[in-house]
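Engineer: According to our numbering, the stretch in the sequence shown is residues 2 to 552, in order.
Each residue gets a CB set at the ideal place from its N, CA and C atoms; glycine is no exception.
Since we're looking at a predicted model, the values are computed, not measured.
Questions regarding the structure given below will be posed in turn.
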Amino acid sequence: MRTSVSLALKAIVMIALAALVAPTATSAADREHYDLLLRGGRVVDGTGAPWYNADVAIKGGRVAAIGRLKEADADRTLDVKGLIVAPGFIDMMGQTGASFLSDPRSADNLLRQGITTINAGEGSSDAPLGGKVAESAGWKTMAEFFDRLDKAGMPMNVAQTVGHTQVRRIVLGDTDRKATAEELEQMKALVREAMEAGAIGVSTALIYPPAVYAPTEEIVELARVAGSYGGGYYTHMRNEGDRLLEAIDEALAIGRSAGTPVHIFHLKAAGRANWPKMEQAIARIKAARAGGQQVAADIYPYINNGLGITALIHPRHSAEGDEALKRKLADPAARAQIKREIETEGGWENWYRHVGSDWDKIVLIQINAKPYASHNGETLAAIAKAEGKDPWDVFFEIAQAGAAALPQSMTEANVIRAMREEFVSFCTDMGPAGGPAVLGHPRGYGAFPRIIARYVRDLGILSLEQAIHRMTAVAANELRLYDRGRITPGAAADLVIFDLDRTRDQSTFANPNLPAEGIIHVLVNGLPVIESGAPTTARPGRVLRRGATPQ
């Protein structure tokens with residue numbers, strides 16, 4: 002905690018000094034030559050302050066001057082009159098950056114939303130790796146992974162957590178048991194190594210095996226290591242439905258015990274019976290904040306969540322690994338037992354019951370089972386009807402081969418309720434998914450434009466300035482990236498230029514890969530990655546290591 006505060010103060014001082022020495026809207030600034038000049042835009046600077054008309058000058062990858070720069074010239078000038086100029090959006094749950102190594106265009110779905118930075122890692126992370134996985138990838142440690150990203154270049158910035166699932170699996174595999182003292186020390190060493198390489202904290206996904214088997218004390222020990230380096234604790238909590246409030250209490254207790262800030266991924270109250278708990282969940286977070294604990298959350302603007310289809314099955318069936326689970330799913334007796342559990346049992350995150358035991362409220366995507374692959378984006382009930390089969394048979398057959406499930410578990414009233422809170426930022430919970438081969442949740446292409454179109458422009462839930470503040474400065478502060486998320490002299494020139502009247506999401510469950518409209522230009526570290534609505538081939542992105550401040 003002390004380290005985070007000192008870094009924040011240092012960054013604020015450095016930006017303030019940069020503002021003093023950098024060119025400003027004076028005659029001196031007018032005579033400057035810049036790399037890029039944005040003329041005449043409506044600047045929404047990320048601080049929450051009202052927009053204003055100004056030119057924005059960029060030099061050396063940073064904002065150099067803001068104001069009426071009539072006489073200034075630049076290598077390039079863009080006329081952005083009538084357009085919004087804002088800090089680049091930050092995706093608080095962007096999953097992975099490893100895809101940039103094989104296909105930089107995989108970022109297109111994010112860039113075309115105006116996203117310039119992702120927070121990668123949700124329990125799983127791209128490093129550390131072990132065994133054959135490490136051999137195949139070509140790296141083992143977080144430092145080696147970061148090195149690969151730096152050398153390859155990326156179209157956007159990546160901040161990275163080290164995943165608890167990752168380190169547990171390396172040390173314990175998929176087994177359902179408590180770690181020994183020696184194994185816990187091995188996991189702590191892996192977290193320490195990742196933090197020294199520049200990871201921003203440790204993340205958990207406590208709904209999924211094998212992380213679900215870990216006791217709270219194990220998480221505290223790993224979070225304490227991250228905290229000793231100024232890192233945070235980022236969590237997909239242990240429960241988002243029947244035991245939502247207990248899960249929030251656990252997350253807060255971990256933060257207090259470990260001495261780390263807490264960030265809750267995709268805050269929700271899943272299942273109709275649990276919808277009233279959102280108010281209590283928010284009250285618990287606000288009480289913790291009022292007591293001085295640093296805790297925040299993010300959401301995505303949809304009422305369908307997303308998870309692997311086998312998450313509908315009790316976690317104990319995954320304790321022996323994926324192959325053992327597949328064998329169970331092929332066995333009639335095991336199927337009957339699993340069906341009975343899903344239909345009748347509570348005490349675990351039962352997504353089938355969260356949607357009222359209605360297969361028509363679970364959309365399936367990324368279906369690998371060949372007989373069903375043409376049904377991507379349809380509900381399981383619709384697939385079963387089209388194929389003339391029992392829905393349970395379809396479920397087991399698809400689960401064997403793998404797919405993602407999108408249960409309609411939430412209510413828009415709760416999305417709006419959370420959105421109103423100042424500590425809430427936003428995410429896609431999808432990450433890089435560009436390209437026709439990846440058929441995902443529509444949030445992968447539409448989350449941030451949807452907030453602007455539906456919740457700012459159409460419903461007026463947030464003002465434009467409030468929404469941009471949450472998408473940028475609030476998110477940047479959560480990631481300890483104090484030189485991003487705001488437009489001020491000395492800050493990194495991650496910028497999005499968009500048409501407020503035209504910006505909207507177009508992706509749907511049936512057509513999830515439709516790009517958003519209205520995003521005109523996107524800059525990452527001062528270079529265009531989206532120009533006139535189309536992706537460029539530039540790779541100016543960086544790994545944003547813990548404690549990143551102006552250089």
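1) Should Gln-96 be labelled buried (16 or more other beta-carbon atoms within 10 Å of its own) or exposed?
2) Hey, does Asp-175 have any beta-carbon neighbour from chain D nearer than 9 Å?
3) Identify, in the order they occur along the chain, each residue of the same chain with its Cβ nearer than 7 Å to the Cβ of Ala-17, setting aside the five sequence neighbours on each side.
4) Could you check what DSSP says for Tyr-446 in three-state terms: helix, strand or coil?
5) Helix, strand or coil: which one does DSSP assign to Lys-135?
6) Using the C-alpha atoms, what's the distance from Gly-98 back to Arg-225?
7) Once the 5 residues before and after Ile-453 are set aside, which same chain residues still bring their CB inside 6 Å of it?
8) Note down the Cα distance separating Ile-363 from Ala-30, rounded to an integer number of angstroms.
9) To the nearest angstrom, report how far apart Leu-501 and Ile-85 are at their CA atoms.
10) Restricting to Cα atoms, I'd like to know which of Phe-449, Ala-271 and Arg-77 is closest to Thr-554.
11) How about Tyr-235 and His-264: are their beta carbons less than 9 Å apart?
12) Quick check on the burial criterion: 16 or more other C-beta atoms within 10 angstroms. Buried or exposed for His-237?
13) Among the candidates Leu-223, Ala-284, Gly-307 and Pro-333, whose CA atom is the shortest distance from the CA of Ala-298?
14) On a CA-only basis, which of Pro-129, Ala-414, Val-221 and Arg-239 is nearest Gly-233? Give me that one, please.
15) Do Val-523 and Gly-115 have their CB atoms nearer than 9 Å?
16) May I have a chain-ordered list of the beta strand (DSSP E) segments no shorter than 3 residues that lie completely inside the segment 334-421?
17) Checking the sheet assignment: what are the DSSP bridge partners for Val-172?
18) State whether the segment 416-424 contacts the segment 455-471, with contact taken as three or more CB pairs (one from each stretch) at a distance under 8 Å.
19) Does the Cβ of Asn-54 have 16 or more other Cβ atoms within 10 Å, making it buried, or fewer, making it exposed?
20) Quick test of your reading: Ile-343 and Leu-365, contact by CB under 8 Å. State the CB separation rounded to the nearest angstrom.
21) Just reading off the beta strand (DSSP E) that Thr-236 is part of, what are its end residues?
22) Would you identify the three-state DSSP class for Arg-455, choosing helix, strand or coil?
23) Assuming contact is defined by CB atoms lying nearer than 9 Å, are Ala-182 and Arg-169 in contact in what I supplied?
24) Taking the alpha carbon of Thr-48 as the point to measure from, which residue in Ile-488, Ala-404 and Pro-541 has its own alpha carbon closest?
25) Which class does Met-157 belong to by DSSP, given the choice of helix, strand or coil?
26) Which of helix, strand or coil does DSSP assign to Pro-316?
27) Ile-59 bridges to which residues according to DSSP?
28) Measure the C-alpha to C-alpha separation of Arg-354 and Asp-148 and round it to an integer number of angstroms.
29) Thinking just about the alpha-carbon of each residue, which of Asn-240, Gly-132 and Ala-289 is nearest to the one in Arg-257?
30) Look up Leu-268 in the DSSP assignment and say whether it is helix, strand or coil.
31) Assign Leu-463 to one of three DSSP states: helix, strand, or coil.
32) Which runs of the alpha helix (DSSP H) at least 4 residues long sit entirely within the segment 238-308? Give them in chain order.
33) Since I believe Thr-162 is in contact with Gly-202 (beta carbons under 8 Å), could you give me their beta-carbon distance rounded to a whole number of angstroms?
34) How long is the line joining the alpha carbons of Val-544 and Asp-151, rounded to whole angstroms?
35) Give a yes or no on contact between the segment 323-342 and the segment 268-280, applying the rule of three or more CB pairs nearer than 8 Å.
36) Do Ile-521 and Val-81 have their C-beta atoms closer together than 9 Å?
Structural biologist: Concretely, from the data shown:
1) buried
2) Of the protein chains in the structure, only one exists, and it is not chain D.
3) Because Ala-17 sits at a pLDDT of 48, beneath the cut-off of 50, its placement in the model cannot be relied upon, and the following sentence gives the value as read from the coordinates. Answer for Ala-17: no residue qualifies.
4) helix
5) The amino acid occupying residue 135 in the given sequence is Ala; Lys does not appear at that position. Ala-135: helix per DSSP, three-state reduction.
6) 25 Å
7) Thr-504
8) 57 Å
9) 7 Å
10) The requested residue 554 is not part of the displayed model; the chain covers only 2 to 552.
11) yes
12) buried
13) Ala-284
14) Val-221
15) yes
16) 363-366 and 405-408
17) None, per the DSSP bridge assignment.
18) yes
19) exposed
20) Between Leu-365 and Ile-343 the Cβ distance is about 16 Å, and since that is not below 8 Å, they are no contact.
21) 233-237
22) helix
23) no
24) Ile-488
25) coil
26) helix
27) Leu-37 and Val-64
28) 45 Å
29) Ala-289
30) coil
31) coil
32) 245-259 and 278-291
33) 5 Å
34) 7 Å
35) no
36) yes
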